[in-house]
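These protein sequence lines map, in sequence, to chains E and Z.
Residues 84 to 352 (my numbering) make up the first sequence, in order.
Residues 1225 to 1293 (my numbering) make up the second sequence, in order.
Read the structure below first, then the notes.
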Amino acid sequence: MCAVYHKYLRLDHLPHIWCPGCGNGIVMGAFIRAMEDLKYDQNEVVVVSGIGCSGRISGYLDFNTLHTTHGRALAFATGIKAAEPRLKIFVFMGDGDATAIGGNHLIHACRRNIDMTAIIINNCTFGMTGGQFSPMTPKGKKASTAPYGTVERNFDIPALAQAAGATLVARVGIYQVNLLRELIVKASHHKGFALLEVISQCPVNYGRRNQMGDPAEMLEDQKGIIKSAGLGQGLENYFGQIFQSEQPEFIEEYNKMIVQAQKKGGCDV
Amino acid sequence: MAKGKHKLHFDREKCKACGICIAFCPANVFTVDIDYCAVISSPDKCTGCRRCELYCPDYCIFVEEDYYG
Ligand SMILES: Cc1ncc(C[n+]2csc(CCOP(=O)(O)OP(=O)(O)O)c2C)c(N)n1
Ligand code: SF4
Ligand code: SF4
């Protein structure tokens, strides 16, 4: 194992629990290499995660880490940032975690534009609980709760986040490991709420049910999707950074309010 | 272990036999063993692209280069 993994992983917690070929390990690898670029003091970084296979990531990474409740990772992260604004916050969520039970927290974190990096690992399913369909399962794909294929449309996460007020939004596939690393660095440098949708893979509970072959074939499939994306098909199929803007950031605005209130000698109530 | 420019390190103990490195190596460096785990069969063919390292979900492979860092 190369030195950078030694530095950022809790080696006594390995091997990780993820199935062979699971995308979570590829995302965590890219995150570690992004940390190598960012060179933050590990004590100044907080990794927060929700519940699910993807949520286990906080257990393996050697930073300040918090494994929270299902769908609430962003709420906990908001509390940390408000209490200690100097800390660099990275929040990992599964697609079910972020867009189903945690959907409300997601849109409001976007709206507040609080300075942190949120990473949604989208494997198109509730992996940990056995492959139920999530709001990100593409229409027609099978799930344990949709044996004939789901009839629902999936969210377009970047469009949702942008509309809700996130100020850096990107979509990237695990096939694009180097781009993923770059986008994590960029998102962390961005002042405000940055959201990355990482298209991942769950070969066991999603791939197998949809006859998508072995992990390598799923990755090969993703390569095809990425190569043919963005060719005049609109935002939905775009990979890479989609949107960036400058808007007032929550903590800065909050601090301004404190200064104002102190000038007035307290609030009027 | 490769004698060439790139030294491949592989940790068989950690390999979960997902097959990604085998499929994605452009130089066909790997074959499989009886448990479907990767085997470095042709280390001299390695081009040092590091795909195997970057895509390995279990961090079993490390490509050492002179200029690595
Ligand atoms: C409040 C609550 N409801 C339901 C669950 C059960 N549960 C555990 S993991 C999970 C889904 C995880 O799916 P996702 O967020 O997509 O992550 P993945 O496992 O695919 O990485 C659910 C519903 C829970 N732990 N807590
Ligand atoms: S069930 Fe799916 S998401 Fe969970 S560890 Fe296995 S492959 Fe990964
Ligand atoms: S570095 Fe590239 S060429 Fe060398 S073994 Fe790995 S994938 Fe093959």
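Yeah, the Cβ is synthetic: ideal placement off N, Cα and C, and Gly gets one too.
Check                                                                                                                         : Outcome
Opening and closing residue of the alpha helix (DSSP H) in which E/G307 lies                                                  : P298 to S311
Ligand 2 heavy atom lying under 8 Å from the CB of E/G104                                                                     : yes
Pick from E/N187, E/N196, E/A253 and E/Y258 that is closest to E/E300, judged by C-alpha positions                            : E/Y258
Segment limits, alpha helix (DSSP H) that includes E/K269                                                                     : V260 to H272
Closer than 9 Å to chain E by CB, Z/F1254                                                                                     : no
Those residues which DSSP pairs with Z/A1262 across a bridge                                                                  : Z/V1256
E/R116 - containing alpha helix (DSSP H), residue span                                                                        : G106 to L121
Continuous beta strand (DSSP E) stretch holding E/K161: start and end                                                         : The sequence given here has Thr at residue 161 of chain E, not Lys. Unbroken run through E/T161 is the alpha helix (DSSP H), A156 to A166; no beta strand (DSSP E).
Spatial distance of E/A246 from E/V252 (CA atoms)                                                                             : 10 Å
Chain-order list of residues whose beta-carbon lies under 6 Å from that of Z/C1276 (same chain, five-residue window excluded) : C1245, C1249 and I1285
Check: E/M211 C-beta below 8 Å from any heavy atom of ligand 2                                                                : yes
Z/C1276 beta carbon near ligand 2 (any heavy atom closer than 8 Å)                                                            : no
Closer than 8 Å: Z/A1251 CB and nearest ligand 3 heavy atom                                                                   : yes
Z/T1255 burial status per 10 Å Cβ neighbour count (16 or more: buried)                                                        : exposed
Three-state class that DSSP yields for E/V234 in the structure shown                                                          : coil
Opposing strand residues paired with E/N205 [DSSP bridges]                                                                    : E/I282
Chain E residues whose Cβ lies nearer than 7 Å to that of Z/F1234                                                             : Residues of chain E passing the Cβ test: none, with the nearest at roughly 10 Å.
Delimiting residues of the alpha helix (DSSP H) encompassing Z/A1247                                                          : I1244 to F1248
Of the residues E/R236, E/G296, E/I334 and E/R195, the one placed nearest Z/A1247, counting alpha carbons only                : E/G296
Min CB distance E/Y289 to chain Z below 9 Å                                                                                   : no
Neighbour flag for Z/D1282 against chain E, beta carbons, 9 Å                                                                 : yes
Residues sharing a beta bridge with E/S132, DSSP                                                                              : E/H150 and E/F175
Reduced DSSP category for E/E329 - H, G, I as helix; E, B as strand; rest coil                                                : coil
Limits of the beta strand (DSSP E) - the one that Z/H1233 falls within                                                        : K1231 to F1234
Any non-hydrogen atom of ligand 5 within 8 Å of E/L302 CB                                                                     : Questions concerning ligand 5 fall outside what the structure shown contains, since the ligands it does hold are ligand 1, ligand 2 and ligand 3.
Under 9 Å from the C-beta of E/D120: neighbouring residues of chain Z                                                         : Correct list: empty, because the minimum Cβ distance to chain Z is about 12 Å.
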